Amino acid sequence: MSIYLPIAEMSLNMLILIGMGGVVGFLSGMFGVGGGFLITPLLIFYNVPPAIAVGTGANQVIASSVTGALTHFKRGTLDIKLGILLVVGGILGSCLGVELFTYLRKLGQLDLIISLLYVILLGGVGSLMAIESWRAIVNAKKGKTVIVHRPGHHSLAQRLPLKMRFRASKIYVSIIPVLGIGLVIGLLSSVMGVGGGFIMVPALIYMLRVPTNVVVGTSLFQITFVTAFTTILQSITNQSVDIVLAFLLMVGGVIGATYGTRIGRKLKAEQLRMLLAILVLLVCARLAFELFVRPDDLFSLSFIGG
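My numbering puts the first residue of the sequence shown at 178, with every later residue one more than the last.
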């Protein structure tokens, strides 16, 4: 059952697109990530132009993130105060990212840069998470208490000025790294079409010491607003958001996120982190493979709007 995508200018199977959205939404609800790091590569693998995949992928993230964030809000595992500061930083990052996206597109290097960024970021973050999660799982089996940081040790986030207390997260840290994390996520969202949860989740856990159960809901809260802002900017600046494609992905994303959140509650924190790490590394390996494989067409022609 094919459907024509007006902005992408191609026809694709509607059920497959809804299925993609459902799978990504399920994983979004389970891990607290927007899912953009999955949906963008999936769309590219399905021959959707990278520029359209990035712009529309960011839009799909909104649906699954809203569903997951609302669920966590009802359960009391969402830090609104922390989330708002992350959103402020994210909006600033998105503005910078859209400008960079436009510049790279004009240079004709957008496809290569997107793929390289995915391989580097996913490979690095996935490896670090896998190592830490494995240690935590082994310690848990041995009956050892898992210590995230040394007693008496103060991280950089705790030594910086402009401190603020976040009661829901039970932390007292500077707002500077909070805004910095948000800015980086916003930048990645606009350039790569990701929600940024695969970086935000470990950053909040290991840099700010936010409890894992609160991280998931807060991450989804930030992702919702930043990706919505990014989608609007991409649509106005680069006309790279396909409404039909976005709608189909959102339908699947909402359904998947509902079930993903339920499953996520049944797993331990270290198990969730390990599963997310494996998922990130698999996507990284697939993209890296594509970079080294000889393409079917060595040359291609494309129109770049002025």
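Ideal Cβ placement from N, Cα and C applies to all residues, glycine included. Quick caveat, the model's predicted, so the values are computed rather than measured.
What residues match up with residue i in a beta bridge as DSSP calls it?
i      : result
Ser179 : Asn190
Met341 : Val350
Whole angstroms is fine: what's the gap from residue i's alpha carbon to residue j's?
i      : j      : result
Phe250 : Ile239 : 16 angstroms
Ala454 : Val393 : 15 angstroms
Cys272 : Thr408 : 11 angstroms
Ala155 : Pro379 : Since the first and last residues shown for the chain are 178 and 483, residue 155 lies out of range.
Val296 : Gly429 : 26 angstroms
Ala246 : Val387 : 16 angstroms
Gly234 : Gln411 : 11 angstroms
Met187 : Ile268 : 32 angstroms
Arg327 : Tyr280 : Note that Arg327 scores a pLDDT of 41, beneath 50, so its modelled location is shaky and nothing firm can be said.
Phe469 : Leu289 : 12 angstroms
Val325 : Val391 : Note that Val325 scores 47 on pLDDT, short of 50, meaning its location in the model is unreliable; the coordinates nonetheless yield the value given after this. Those two C-alpha atoms are separated by around 16 angstroms.
Asn415 : Ala423 : 16 angstroms
Gly232 : Phe466 : 23 angstroms
Leu204 : Ala434 : 7 angstroms
Phe278 : Ile221 : 17 angstroms
Between the options, which lies nearest to residue i when the distance is taken from Cα to Cα?
i      : options                        : result
Ile376 : Ser271, Glu467, Lys283, Leu298 : Leu298
Thr389 : Thr254, Ile195, Asn190         : Thr254
Val350 : Ile382, Met369, Val368, Leu189 : Ile382
Ile308 : Ser179, Leu294, Met451, Gly433 : Met451
Val265 : Ala465, Leu182, Leu356         : Leu356
Gly285 : Ser346, Pro226, Arg252         : Pro226
Leu182 : Glu467, Val460, Val421         : Val421
Excluding five sequence neighbours on each side, which residues of the same chain lie with their C-beta closer than 7 angstroms to the C-beta of residue i?
i      : result
Ile353 : Leu337, Leu339
Leu270 : It should be pointed out that residue 270 corresponds to Gly in this sequence rather than to Leu. Closer than 7 angstroms at the Cβ level, and outside the excluded window around Gly270, lie Gly359, Leu360, Val361, Ile362, Gly363, Leu364.
Ile229 : Ile184, Ala185, Ser417, Asp419
Ile195 : Leu425, Val428, Gly429
Val403 : Val264, Gly267, Ile268, Ser271, Ile362, Gly363, Ser366
Met197 : Ile216, Leu219, Leu426, Gly429
Asn190 : Met178, Ser179
Ile132 : What is shown of the chain runs 178 to 483, which leaves residue 132 out entirely.
Which residues in the same chain as residue i place their Cβ atom closer than 8 angstroms to its Cβ, once the five residues preceding and following it in sequence are excluded?
i      : result
Val457 : Phe214, Leu299, Val302, Gly303, Met306, Phe375
Gly274 : Gly363, Leu364, Leu365, Ser366, Ser367, Val368, Thr407
Leu192 : Met178
Arg252 : Gly394
In chain order, what residues of the same chain lie with their CB nearer than 6 angstroms to the CB of residue i, ignoring the 5 residues before and after it?
i      : result
Met341 : Ile352
Phe343 : Asp256, Lys258, Leu259
Tyr124 : In this structure the chain extends from 178 to 483, so residue 124 is not present and cannot be described.
Thr248 : Thr438
- Query: Any chance the region 392–402 sits against the region 253–262, with 3 or more Cβ pairs inside 8 angstroms?
  - Reply: yes
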